[in-house]
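In what follows, a single structure is set out as structure tokens and then discussed.
2 protein chains.
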Amino acid sequence: MYSYDSTTFRSELNQLGLRMTPQRETILEVFRELPKGKHLSAEDLYHHLQEVAPERKISLSTIYRSLKLMTHLGLLRELELAEGHKHYELNQPHPHHHHHLVCVRCNRTIEFKSDSVLKVSMKTSGREGFHLLDCQLTIHGVCVEALKRGWPSVPQEWSCPHAPVDE
Amino acid sequence: MYSYDSTTFRSELNQLGLRMTPQRETILEVFRELPKGKHLSAEDLYHHLQEVAPERKISLSTIYRSLKLMTHLGLLRELELAEGHKHYELNQPHPHHHHHLVCVRCNRTIEFKSDSVLKVSMKTSGREGFHLLDCQLTIHGVCVEALKRGWPSVPQEWSCPHAPVDE
DNA sequence: CGCTAATTGAGAACAATTAGCGATATTCGT
DNA sequence: ACGAATATCGCTAATTGTTCTCAATTAGCG
């Protein structure tokens, strides 16, 4: 296992004068059991619990509070994948750390890994004297399916097409 | 000048059956004159106009509509810098294209450039058959000042510190 | 110039998130 | 274990950022 377990979570909370609660434990558990590549919004999590384990239902407020806390603690990663609301996933260390490619038309999301992005992030944060927490490369594009479907025309002058041509 | 001018904007609009309006022109102008490294939210833009050029005041609805349109057209870039609301800046082609390093405590934002991120993005989108629109690497960290000020402790097990150690 | 459809402004409507507040439950010292 | 101190919970109401509705206006084109 490569990410937080309940015990580590508890001691980290206690170090900060915070407490472990069944709710927090439940939320961590849900994220740990989430299939790879899935991420949940607050609502998603709320409904998921209601369906899968109604006896462990957690109020929306608590969910919001916990997601924020756990993100702040580095347990979770907050994703902004252009769907209007935030999504969360476990924040995993290196070999599992990944980024996202998103189709701006159909919202399809693909995960990918990149050591060079990690390196750039470490180098940059180091140079600026930052303590690195997380780095997310989000690529926006249009997938072939969406293009075929004749979605609104794609403009010509984008930033990335002007990227260096070598390599 | 490396980005859209009003004329290009107009013809692009017209090609799509849309119209150039004083409001849209004003908004483009504001962004073009914005100092490097600054980005505005919808509210920011609204108030900026009210102060700087009250006679050209634009309604909030129109601002939201225009920001969305211009982002969709590729003129603007939508930034999610963890401040709760979206910020916008001109979307600039290669040598000016950049990414952001953000302090999660004080919200200070530093821009930086990276060819390797561009390359990763082009390669990844190409491999998945995506038409590349924009790529943004956002690094979250804590700056030294914030650390010194004794902000809430920083957790130990982060994702990026586990990154490959070679170089 | 005049027609048609895109656009605007104002406010209402929305959806996601947060705050306030008693009631409850976890932690820690004993 | 027990009990005090206080973090946390769930509820509801409030806020925030953003979108929608619709009548009035205006850009684009012949």
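Residue numbers (our numbering), protein chains in the order written: chain A, 1 to 167; chain B, 1001 to 1167. All C-beta atoms in this analysis are idealised placements derived from N, C-alpha and C, irrespective of residue type, glycine included. The structure presented is a predicted model; accordingly, all values stated were derived computationally and were not measured.
Would you tell me roughly how many angstroms separate the C-alpha atoms of Arg-10 (chain A) and Leu-18 (chain A), rounded to the nearest one? For the purposes of this step, residue 10 (chain A) is taken as residue 10 along the first sequence, with counting starting at 1. For the purposes of this step, residue 18 (chain A) is taken as residue 18 along the first sequence, with counting starting at 1. For Arg-10 (chain A) and Leu-18 (chain A), the distance between alpha carbons rounds to 9 Å.
So the alpha helix (DSSP H) Leu-1040 (chain B) belongs to, where does it begin and stop? Locating residue 1040 (chain B) in the second sequence gives position 40, where the first residue counts as 1. Counting along the chain, Leu-1040 (chain B) falls outside any alpha helix (DSSP H), and DSSP gives it neither H nor E.
Could you tell me whether the Cβ of Phe-1130 (chain B) comes closer than 7 Å to any Cβ of chain A? Here residue 1130 (chain B) refers to the residue found at position 130 of the second sequence. Yes, contact with chain A.
Residues near Tyr-46 (chain A) by beta carbon distance below 6 Å, same chain, minus five either side: For this step, residue 46 (chain A) is matched to residue 46 along the first sequence. These residues qualify, in order along the chain: Leu-60, Ile-63.
Would you say Gly-1176 (chain B) faces chain A, with C-beta separation under 7 Å as the test? In this structure chain B extends from 1001 to 1167, so residue 1176 (chain B) is not present and cannot be described.
Let me check understanding here. Comparing Cα to Cα, which of B:Lys-1068, B:Ala-1082, B:Glu-1083 lies closest to Leu-1076 (chain B)? As a working mapping, residue 1076 (chain B) is identified with position 76 in the second sequence. Measuring from the Cα of Leu-1076 (chain B), the nearest candidate turns out to be B:Lys-1068.
Return helix, strand or coil for Asp-1134 (chain B), following the three-state DSSP convention. Position 134 of the second sequence, counting from 1, holds the residue named residue 1134 (chain B). Asp-1134 (chain B) falls in the strand class under three-state DSSP.
Taking its Cβ as the centre, do 16 or more other Cβ atoms sit within 10 Å of His-48 (chain A), making it buried, or is it exposed? Position 48 of the first sequence, counted from the first residue, corresponds to residue 48 (chain A). Looking at its Cβ environment, which holds fewer than 16 other Cβ atoms inside 10 Å, His-48 (chain A) is exposed.
Give every residue of the same chain whose Cβ lies closer than 6 Å to the Cβ of Thr-1071 (chain B), excluding the five residues on either side of it in the sequence, and list them in chain order. Here residue 1071 (chain B) is taken as the residue at index 71 of the second sequence, counted from 1. Taken in chain order, the residues that qualify are Glu-1078.
Along the segment 1020-1041 of chain B, what residues have a CB closer than 7 Å to any CB found in chain A? none
Neighbourhood of Arg-56 (chain A) by C-beta, 7 Å cutoff - its chain only, sequence neighbours within 5 removed: As a first step, residue 56 (chain A) must be located in the first sequence, where it is residue number 56. Answer for Arg-56 (chain A): Thr-26, Leu-49, listed in chain order.
Among B:Ala-1146, B:Ser-1066, B:Val-1052, B:Pro-1095, whose alpha-carbon lies nearest the alpha-carbon of Tyr-1088 (chain B)? As a first step, residue 1088 (chain B) is located in the second sequence; it is residue number 88 there, counting from the start. Tyr-1088 (chain B) has its Cα closest to that of B:Ser-1066, out of B:Ala-1146, B:Ser-1066, B:Val-1052, B:Pro-1095.
Would you say the beta carbon of Glu-89 (chain A) comes nearer than 6 Å to a heavy atom of the ligand PLP? Because no ligand of any kind appears in the structure shown, any question about the ligand PLP cannot be addressed here.
Thr-8 (chain A) to Gly-1141 (chain B) span [Cα, whole Å]: Taking the first residue of the first sequence as position 1, residue 8 (chain A) is located at position 8. Taking the first residue of the second sequence as position 1, residue 1141 (chain B) is located at position 141. Distance between the alpha carbons of Thr-8 (chain A) and Gly-1141 (chain B) is about 22 Å.
With H, G and I counted as helix, E and B as strand and the rest as coil, what does DSSP make of Arg-77 (chain A)? Indexing the first sequence from 1 puts residue 77 (chain A) at position 77. The answer is strand: DSSP assigns Arg-77 (chain A) an E or B state.
Output the boundary residues of the beta strand (DSSP E) element that contains Thr-1109 (chain B). Locating residue 1109 (chain B) in the second sequence gives position 109, where the first residue counts as 1. 1109-1112 is the extent of the beta strand (DSSP E) around Thr-1109 (chain B).
Please identify the residue among B:Glu-1012, B:Glu-1083, B:Val-1052, B:Leu-1016 whose C-alpha is closest to the C-alpha of Ser-1041 (chain B). By one-based count along the second sequence, residue 1041 (chain B) stands at place 41. If we check each option's Cα against that of Ser-1041 (chain B), B:Glu-1083 comes out closest.
Since Ser-1116 (chain B) and Ile-139 (chain A) are thought to touch, with beta carbons under 8 Å apart, how far apart are those beta carbons, to the nearest angstrom? Start at 1 with the first residue of the second sequence, and residue 1116 (chain B) comes out as number 116. Start at 1 with the first residue of the first sequence, and residue 139 (chain A) comes out as number 139. In fact, because the Cβ distance is near 14 Å, the residues do not count as touching under 8 Å.
Contact list for Thr-1124 (chain B) against chain A, beta-carbon separation under 7 Å: Translated into the one-based positions of the second sequence, residue 1124 (chain B) becomes position 124. By Cβ distance, chain A contributes Leu-101, Phe-112, Ile-139.
Give a yes or no on whether the minimum CB-CB distance between Leu-133 (chain A) and chain B is below 7 Å. Taking the first sequence and counting its residues from 1, one reaches residue 133 (chain A) at position 133. By this cut-off, Leu-133 (chain A) is an interface position.
For Val-104 (chain A), the three-state DSSP class (helix, strand or coil): Translated into positions along the first sequence, residue 104 (chain A) becomes position 104. The answer is coil: DSSP assigns Val-104 (chain A) none of H, G, I, E or B.
What are the start and end residues of the alpha helix (DSSP H) that includes Tyr-1221 (chain B)? Nothing can be reported for residue 1221 (chain B): it is not among the residues displayed for chain B, which extend from 1001 to 1167.
Checking 7 Å against the spacing of the C-beta atoms, do Leu-1101 (chain B) and Ile-1110 (chain B) come in under that value? Locating residue 1101 (chain B) in the second sequence gives position 101, counting from the first residue. Locating residue 1110 (chain B) in the second sequence gives position 110, counting from the first residue. Yes, these two residues count as a Cβ contact at 7 Å.
At 7 Å on the CB atoms, spell out the chain B contacts of Leu-147 (chain A), in chain order. In the first sequence, the residue the question calls residue 147 (chain A) occupies position 147. Simply His-1131.
Quick check: Val-1144 (chain B) and Gly-129 (chain A), are their CB atoms within less than 7 Å of each other? Reading the second sequence from its first residue, position 144 is the one you call residue 1144 (chain B). Reading the first sequence from its first residue, position 129 is the one you call residue 129 (chain A). Their beta carbons are under 7 Å apart, which means Val-1144 (chain B) touches Gly-129 (chain A) by this criterion.
At the level of alpha carbons, what is the spacing between Pro-22 (chain A) and Asp-134 (chain A)? As a working mapping, residue 22 (chain A) is identified with position 22 in the first sequence. As a working mapping, residue 134 (chain A) is identified with position 134 in the first sequence. Roughly 27 Å between the two C-alpha positions.
If you measure beta-carbon to beta-carbon, which residues of the segment 1056-1080 of chain B are closer than 7 Å to chain A? Leu-1073, Gly-1074, Glu-1080
Taking the alpha-carbon positions, what's the Leu-1197 (chain B) to Arg-32 (chain A) distance? Missing from the structure shown is residue 1197 (chain B); chain B here goes from 1001 to 1167 and no further.
Determine the DSSP secondary structure at Glu-83 (chain A), reduced to helix, strand or coil. In the first sequence, counting from the first residue as 1, residue 83 (chain A) sits at position 83. In this structure, Glu-83 (chain A) counts as coil in the three-state DSSP scheme.
Starting from Gly-1141 (chain B), follow its DSSP beta bridges and name the residues at the other end. Counted from its first residue, the second sequence places residue 1141 (chain B) at position 141. Paired residue(s): A:Leu-132, B:Cys-1103.
Whole-angstrom Cβ separation of Leu-1034 (chain B) and Ser-1006 (chain B), contact assumed at under 8 Å? The residue you call residue 1034 (chain B) lines up with position 34 of the second sequence. The residue you call residue 1006 (chain B) lines up with position 6 of the second sequence. Contact doesn't hold; Cβ gap of about 15 Å is too wide.
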